[in-house]
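K.L.:
For the sequence shown, this note's numbering begins at 7 and goes up steadily by one.
All C-beta atoms, glycine included, are put in the ideal place defined by N, C-alpha and C.
Owing to the predicted nature of the structure, the values given are computational and were not obtained by experimental measurement.
If you scroll down you'll find the structure; I have some questions about it.
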Amino acid sequence: MQPGRGGGPLGRLGLVVHPVRDTVEQARVVQRWAHEHGKEVVGLRTDATRLPPDVRLVGQTEFAATVDAVVSLGGDGTMLGALRLLVGRTVPVLGVNLGHLGFLVELEPSELPGALERIAAGDFTVEPHLSLRTELRTGSEHREAVAFNDIALARTPGRGTVTAALSVADQRIGYLRCDAIVLATPTGSTAYNYAAGGPVVSPGAEALLVTPVAPMSGIGRPIVLGVDEPVRLELLEKSGPPTVEVDGIASGELPAGSVIEVRAVRDAGHVIRLDAAGHGRRSRVKLSLLDLPLLPEEMLELVPAELRRSESTQRR
7 MQPGRGGGPL
17 GRLGLVVHPV
27 RDTVEQARVV
37 QRWAHEHGKE
47 VVGLRTDATR
57 LPPDVRLVGQ
67 TEFAATVDAV
77 VSLGGDGTML
87 GALRLLVGRT
97 VPVLGVNLGH
107 LGFLVELEPS
117 ELPGALERIA
127 AGDFTVEPHL
137 SLRTELRTGS
147 EHREAVAFND
157 IALARTPGRG
167 TVTAALSVAD
177 QRIGYLRCDA
187 IVLATPTGST
197 AYNYAAGGPV
207 VSPGAEALLV
217 TPVAPMSGIG
227 RPIVLGVDEP
237 VRLELLEKSG
247 PPTVEVDGIA
257 SGELPAGSVI
267 EVRAVRDAGH
277 VIRLDAAGHG
287 RRSRVKLSLL
297 DLPLLPEEML
307 ELVPAELRRS
317 ESTQRR
């Protein structure tokens with residue numbers, strides 16, 4: 007953890023909002039606070055329908071280059087999008103949970119006004135996060151991607167398994183033949199990696215995970231690597247064309263013969279923590295809930311009726 011930036015200037019707040027949910031009410035809280043404190047709020051033009059009309063709209067380039075801090079309104083996916091947008095700048099991001107479990111986001115909407123006061127006063131810590139900088143090459147074609155959770159090569163239904171040779175730090179390790187290959191950061195260890203049986207890694211650790219999903223032959227267990235060990239995957243000729251997923255977002259197919267090179271980058275994202283210890287405790291509870299064979303509405307039945315009524319009254 008790193009301390010907050012003290013009482014330095016916080017002139018411009020950025021808003022990144024969930025792509026579907028109605029976030030206008032929470033955005034108004036931020037806008038109202040900013041107006042009372044002489045701050046400016048900007049949002050992305052693509053989010054115009056989910057922002058109050060008086061929020062100034064800008065393009066992604068201006069947004070990323072000029073904001074001093076960002077408030078993410080949504081869930082972990084929205085938070086990951088904000089971090090990807092700000093790669094290359096040390097801009098802290100505060101996550102407000104409008105989703106379900108959420109491991110990255112820390113606050114509930116009711117806590118937002120107090121959190122903004124603390125951010126303006128520099129009363130927070132910054133949690134640094136690794137990113138995965140990825141190069142995808144097919145013949146003469148080349149493209150790049152950045153992920154904070156994971157890069158996945160997922161089997162396209164009906165097109166064959168994913169078969170790839172794996173090299174680490176220029177040394178051939180073996181091959182994988184499976185339904186998907188997940189390369190994850192410690193942050194992403196509780197996402198696709200966890201669902202595939204991979205290890206949970208503390209966000210404070212420096213590691214890169216390689217996890218085969220439903221392996222059929224070759225390497226069949228997760229591998230934990232150091233952040234200074236670059237990974238290279240080469241899709242063999244007998245491989246089906248997997249879909250590339252960047253933090254869960256599909257990014258096209260790769261044909262056999264393609265090469266995927268992944269490097270971990272330290273301190274690529276900066277998450278605001280107001281109560282790091284409390285957030286850690288809640289995250290452990292949320293992780294344990296994933297293993298329960300109950301749906302969220304079924305878990306409510308375990309809560310005493312008087313507590314359910316009390317919670318319902320407070321939310322009104």
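Could you pull out every residue in the same chain whose Cβ sits closer than 6 Å to the Cβ of residue 90, ignoring the five residues on either side in sequence?
P.N.:
By one-based count along the sequence shown, residue 90 stands at place 84. Cβ within range, chain order: 152.
K.L.:
For the alpha helix (DSSP H) containing residue 119, name the first residue and the last one.
P.N.:
Numbered from 1 along the sequence shown, position 113 holds the residue referred to as residue 119. 118-126 is the extent of the alpha helix (DSSP H) around residue 119.
K.L.:
From residue 193 to residue 208, what distance separates their C-alpha atoms?
P.N.:
For the purposes of this step, residue 193 is taken as residue 187 along the sequence shown, with counting starting at 1. For the purposes of this step, residue 208 is taken as residue 202 along the sequence shown, with counting starting at 1. When rounded, the distance between both Cα atoms is 8 Å.
K.L.:
Between which two residues does the alpha helix (DSSP H) harbouring residue 337 extend?
P.N.:
The structure shown does not extend to residue 337, since the chain is modelled only from 7 to 322, so the question has no answer here.
K.L.:
Does residue 264 pass the burial test, meaning 16 or more other C-beta atoms within 10 Å, or should it be called exposed?
P.N.:
In the sequence shown, counting from the first residue as 1, residue 264 sits at position 258. Answer is buried; the Cβ neighbour count reaches 16.
K.L.:
Mark residue 252 as exposed unless 16 or more other C-beta atoms lie within 10 angstroms of its C-beta, in which case mark it buried.
P.N.:
Taking the first residue of the sequence shown as 1, we reach residue 252 at position 246. Buried.
K.L.:
Could you tell me the distance, in whole angstroms, from the CA atom of residue 97 to the CA atom of residue 278?
P.N.:
By 1-based counting over the sequence shown, the position of residue 97 is 91. By 1-based counting over the sequence shown, the position of residue 278 is 272. Cα to Cα, the separation comes out at about 10 Å.
K.L.:
Just how far apart, CA to CA, sit residue 5 and residue 171?
P.N.:
Within the shown structure, residues of the chain are numbered from 7 to 322, placing residue 5 beyond reach of any answer.
K.L.:
Buried or exposed: residue 112, going by 16 or more other Cβ atoms within 10 Å of its Cβ?
P.N.:
Sequence index remark: in the sequence shown, residue 112 carries index 106 (1-based). Result: buried.
K.L.:
Within this structure, are the beta carbons of residue 121 and residue 19 separated by less than 9 Å?
P.N.:
For the purposes of this step, residue 121 is taken as the residue at position 115 of the sequence shown. For the purposes of this step, residue 19 is taken as the residue at position 13 of the sequence shown. Their beta carbons are not under 9 Å apart, which means residue 121 does not touch residue 19 by this criterion.
K.L.:
Indicate whether the contact test is met: 3 or more Cβ pairs, each with one atom in the region 141-155 and one in the region 219-232, closer than 8 Å.
P.N.:
No, the region 141-155 is not in contact with the region 219-232.
K.L.:
On a Cα-Cα basis, can you pick out the residue from 45, 68, 55, 235 that is closest to residue 173?
P.N.:
Locating residue 173 in the sequence shown gives position 167, where the first residue counts as 1. If we check each option's Cα against that of residue 173, 235 comes out closest.
K.L.:
Tell me which same chain residues have a C-beta within less than 7 Å of the C-beta of residue 178, skipping the five on either side of it?
P.N.:
Position 172 of the sequence shown, counting from 1, holds the residue named residue 178. Result list for residue 178: 171, in chain order.
K.L.:
Should residue 255 be labelled buried (16 or more other beta-carbon atoms within 10 Å of its own) or exposed?
P.N.:
Here residue 255 refers to the residue found at position 249 of the sequence shown. Residue 255 comes out exposed.
K.L.:
Considering just the uninterrupted stretch of the beta strand (DSSP E) at residue 30, what are its terminal residues?
P.N.:
Translated into the one-based positions of the sequence shown, residue 30 becomes position 24. Looking at the DSSP string, residue 30 is not in any beta strand (DSSP E); the run it does join, the alpha helix (DSSP H), is 30-42.
K.L.:
Let me check one thing: in DSSP terms, what residues is residue 205 bridge-paired to?
P.N.:
Taking the sequence shown and counting its residues from 1, the one referred to as residue 205 is at position 199. Beta-bridge pairing links residue 205 to no other residue.
K.L.:
Compute the beta-carbon to beta-carbon distance between residue 40 and residue 47, rounded to the nearest angstrom, for a pair I have assumed lies under 8 Å.
P.N.:
For this step, residue 40 is matched to residue 34 along the sequence shown. For this step, residue 47 is matched to residue 41 along the sequence shown. Contact flag correct, Cβ pair sits at about 5 Å.
K.L.:
Cα separation between residue 185 and residue 198?
P.N.:
Mapped onto the sequence shown, residue 185 falls at position 179. Mapped onto the sequence shown, residue 198 falls at position 192. Approximately 13 Å, taken between the alpha carbons.
K.L.:
How big is the Cα-Cα spacing for residue 76 and residue 36?
P.N.:
For the purposes of this step, residue 76 is taken as residue 70 along the sequence shown, with counting starting at 1. For the purposes of this step, residue 36 is taken as residue 30 along the sequence shown, with counting starting at 1. The straight-line gap from Cα to Cα measures roughly 11 Å.
K.L.:
Do residue 266 and residue 240 come within 9 Å of each other at the CB atom, strictly closer than that value?
P.N.:
Residue 240 sits at position 234 when you count from the first residue of the sequence shown. Residue 266 sits at position 260 when you count from the first residue of the sequence shown. Cβ atoms of residue 240 and residue 266: closer than 9 Å.
K.L.:
In angstroms with no decimal places, state the Cα-to-Cα distance between residue 187 and residue 181.
P.N.:
If you number the sequence shown from 1, residue 187 lands on position 181. If you number the sequence shown from 1, residue 181 lands on position 175. Approximately 11 Å, taken between the alpha carbons.
K.L.:
With DSSP as the reference, please indicate the residues paired to residue 259 in a beta bridge.
P.N.:
For the purposes of this step, residue 259 is taken as the residue at position 253 of the sequence shown. In the DSSP output, where bridge partners are listed per residue, residue 259 has 249.
K.L.:
Determine, using beta carbons only, whether residue 168 and residue 79 come nearer to each other than 9 Å.
P.N.:
Here residue 168 is taken as the residue at index 162 of the sequence shown, counted from 1. Here residue 79 is taken as the residue at index 73 of the sequence shown, counted from 1. Contact: no.
K.L.:
Return the first residue and the last residue of the alpha helix (DSSP H) that residue 71 is part of.
P.N.:
Within the sequence shown, residue 71 is the residue found at index 65, counting from 1. Here the alpha helix (DSSP H) through residue 71 covers 66-72.
K.L.:
Take the Cβ of residue 95 as the centre, count every other Cβ of all protein chains shown within 10 Å, and call the residue buried at 16 or more, exposed below.
P.N.:
In the sequence shown, counting from the first residue as 1, residue 95 sits at position 89. Per the 10 Å Cβ criterion, exposed.
K.L.:
What do you get for residue 66, buried or exposed, if any count of 16 or more other CB atoms within 10 angstroms of its CB means buried?
P.N.:
Start at 1 with the first residue of the sequence shown, and residue 66 comes out as number 60. Classification for residue 66: exposed.
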